[in-house]
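Everything on this sheet refers to the single structure shown next.
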Amino acid sequence: MNTRIHQILDATIKPTPNTPPDKLDRATHNLIWQAAANTDSPTRLISLITDYNHTLGTNGHHYTAIAITQMATMILEPILELCDAENIPVREEFKRAALEAKLRSARG
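If you count the sequence shown from 1, position 80 lands on 114 in the numbering used here, and the numbers rise without skipping.
Next comes the structure, spelled out in structure tokens:
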């Protein structure tokens, strides 16, 4: 499985400035898992977008953050609600994975 996250390109098809690819990868992987683990908390999702933008600056990455959290809310949350109703611990696994991603991201 390819887990590499690619950079956002500017209007001239060049990578956005001032964002090292490894920093972007870590921040985006962390956001993906955090969004998956917090689909049931709109307030937390907004906080995640803010944290992501603060980490990477304002080079267009906010669009990525919004897209990730919207996808988590619109696609993943209904699935997680069904799993919760059937006592399938998918949400708990996402929370565990989110914690691991956060710790990896903090280590840099």
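Glycine residues also receive a C-beta, built at the ideal position from the N, C-alpha and C atoms.
In this text, all values refer to a predicted model and were calculated from it rather than measured experimentally.
Three-way DSSP call (helix, strand, coil) for residue i in this model
| i | result |
| --- | --- |
| ASN36 | At ASN36, the pLDDT of 49 sits below 50, so the modelled position is not reliable; the number obtained from the coordinates is stated separately. Three-state DSSP puts ASN36 in coil, outside helix and strand. |
| ASN121 | coil |
| THR107 | helix |
| ASN72 | coil |
Cβ-Cβ distance between residue i and residue j below 8 Å
| i | j | result |
| --- | --- | --- |
| ALA69 | ILE102 | yes |
| LEU58 | LEU82 | no |
| ASN72 | SER139 | no |
Residue i versus residue j - alpha carbon distance
| i | j | result |
| --- | --- | --- |
| ASP85 | GLU120 | 33 Å |
| ASN87 | LYS129 | 21 Å |
| ALA135 | TYR97 | 21 Å |
| LEU116 | TRP67 | 19 Å |
| LEU133 | ARG125 | 12 Å |
| GLU127 | PRO55 | 27 Å |
| GLU111 | LEU137 | 24 Å |
| MET35 | LEU114 | Reliability of the predicted coordinates at MET35 is poor, the pLDDT of 44 falling under 50, and the value obtained from them is presented with this limitation in mind. About 23 Å. |
Start-to-end residues for the alpha helix (DSSP H) that takes in residue i
| i | result |
| --- | --- |
| PRO54 | Note, PRO54: premise wrong, no alpha helix (DSSP H); not H, not E. |
| ILE80 | 76-90 |
- Task: Tell me, please, whether the region 70-87 touches the region 99-114 by the rule of three or more beta-carbon pairs shorter than 8 Å.
- Result: yes
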